[in-house]
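Participant: Position 76 (the sequence shown) corresponds to 76 in my numbering; numbering is contiguous. All residues carry an ideal CB built from backbone N, CA and C; glycine is no exception. The structure presented is a predicted model; accordingly, all values stated were derived computationally and were not measured. So that we are looking at the same thing, I have put the structure below in structure tokens.
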Amino acid sequence: MWPSGWPTPARTIATTIESAVTAAQAADEPAFTTAVTELAALPADQVGSVLSTMVRELLEVAHPDGLTGDDVRAVLNAVLGRSITWLPTLAPTTVISVLTGALGIDDPDEQNRPDTNPQPAAILLIDYLATRARVSAHHAVERAVAEIARAETIEMP
Numbered sequence: 001m002w003p004s005g006w007p008t009p010a011r012t013i014a015t016t017i018e019s020a021v022t023a024a025q026a027a028d029e030p031a032f033t034t035a036v037t038e039l040a041a042l043p044a045d046q047v048g049s050v051l052s053t054m055v056r057e058l059l060e061v062a063h064p065d066g067l068t069g070d071d072v073r074a075v076l077n078a079v080l081g082r083s084i085t086w087l088p089t090l091a092p093t094t095v096i097s098v099l100t101g102a103l104g105i106d107d108p109d110e111q112n113r114p115d116t117n118p119q120p121a122a123i124l125l126i127d128y129l130a131t132r133a134r135v136s137a138h139h140a141v142e143r144a145v146a147e148i149a150r151a152e153t154i155e156m157p
């Protein structure tokens with residue numbers, strides 16, 4: 001399913017992210033909760049790196065001409081509107097924080113709160129953006145991991 005050259009942790013992260021996005025696409029709260037719980041047990045820095053790479057890339061694909069303030073608002077409204085019905089515990093501020101973080105507009109107070117887990121919000125953004133961009137979750141994960149690997153290879157001395 002994943003490239004044979006990927007290390008086991010990358011495969012595990014990719015599989016778990018894909019499961020979470022699939023559950024979000026189906027609005028399956030139990031499966032989503034299970035996948036997000038499994039994701040939270042994995043190395044947070046590695047998971048965060050893959051998720052943020054996916055959100056940024058999907059934003060670019062879904063909005064090739066860039067994002068206006070109205071576009072950002074539309075993304076937020078769409079993600080919240082389609083998610084809140086099946087995921088009533090969703091914190092809108094976390095979705096806002098993940099989206100603004102992907103755009104390079106970080107709120108350090110929000111990101112440093114220990115009770116804020118951005119992973120579910122990132123998955124919901126990925127679900128929406130992948131659907132809008134007509135990109136499969138599998139392909140989006142694969143591209144993100146490949147981009148991270150490429151960046152790490154270039155940074156090596």
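Compare the C-alpha of residue 117 against each of 134, 95, 137 and 127 and name the closest.
Facilitator: Ranking 134, 95, 137 and 127 by Cα distance to residue 117 puts 95 first.
Participant: Is the region 74 to 86 in contact with the region 4 to 15, if contact means three or more CB pairs nearer than 8 Å?
Facilitator: No contact exists between the region 74 to 86 and the region 4 to 15.
Participant: In whole angstroms, what is the alpha-carbon distance linking residue 145 and residue 70?
Facilitator: Roughly 30 Å separates the two Cα atoms.
Participant: For residue 10, which residues from the same chain have a beta carbon less than 6 Å from its beta carbon, with the 5 sequence-adjacent residues on both sides left out?
Facilitator: 145.
Participant: Could you spell out the range, first to last residue, of the alpha helix (DSSP H) harbouring residue 17?
Facilitator: Residue 17 -> alpha helix (DSSP H) spans 8 to 25.
Participant: Got a sec? Which residues, its chain only, sit under 6 Å from residue 48 by beta carbon, not counting five neighbours each side?
Facilitator: Counting only Cβ-Cβ distances below 6 Å, and skipping sequence neighbours, we find nothing.
Participant: Can you check which of these residues, 90, 66, 27 and 101, is closest to residue 51 by C-alpha distance?
Facilitator: Of the listed residues, the one whose Cα sits closest to residue 51 is 101.
Participant: In chain order, what residues of the same chain lie with their CB nearer than 6 Å to the CB of residue 93, ignoring the 5 residues before and after it?
Facilitator: Excluding positions up to five away in sequence, the list is empty.
Participant: Would you say the region 118 to 127 touches the region 23 to 35, given that touching needs at least three Cβ pairs under 8 Å?
Facilitator: Touching, yes.
Participant: Among 3, 21 and 53, which residue has its Cα nearest to the Cα of residue 148?
Facilitator: For residue 148, the nearest C-alpha among the options comes from 53.
Participant: Let me know if residue 127 comes out buried or exposed under the rule of 16 or more other beta-carbons within 10 Å of its beta-carbon.
Facilitator: Its Cβ being crowded by 16 or more others within 10 Å, residue 127 is buried.
Participant: Take the Cβ of residue 18 as the centre, count every other Cβ of all protein chains shown within 10 Å, and call the residue buried at 16 or more, exposed below.
Facilitator: Counting Cβ neighbours within 10 Å, residue 18 comes out buried, since at least 16 surround it.
Participant: With 16 other CB atoms within 10 Å as the buried threshold, where does residue 4 fall?
Facilitator: It is exposed - the Cβ of residue 4 has fewer than 16 other Cβ atoms within 10 Å.
Participant: Could you give the first and the last residue of the continuous alpha helix (DSSP H) run that contains residue 92?
Facilitator: Unbroken alpha helix (DSSP H) run through residue 92: 92 to 102.
Participant: Just to confirm before moving on: does the CB-CB distance between residue 132 and residue 23 stay below 8 Å?
Facilitator: It is not a contact, given that the beta carbons lie outside the stated cut-off.
Participant: Quick one: is the Cβ of residue 48 within less than 7 Å of any heavy atom of the ligand MG?
Facilitator: Looking at this structure, you won't find the ligand MG or any other ligand, since it has none at all.
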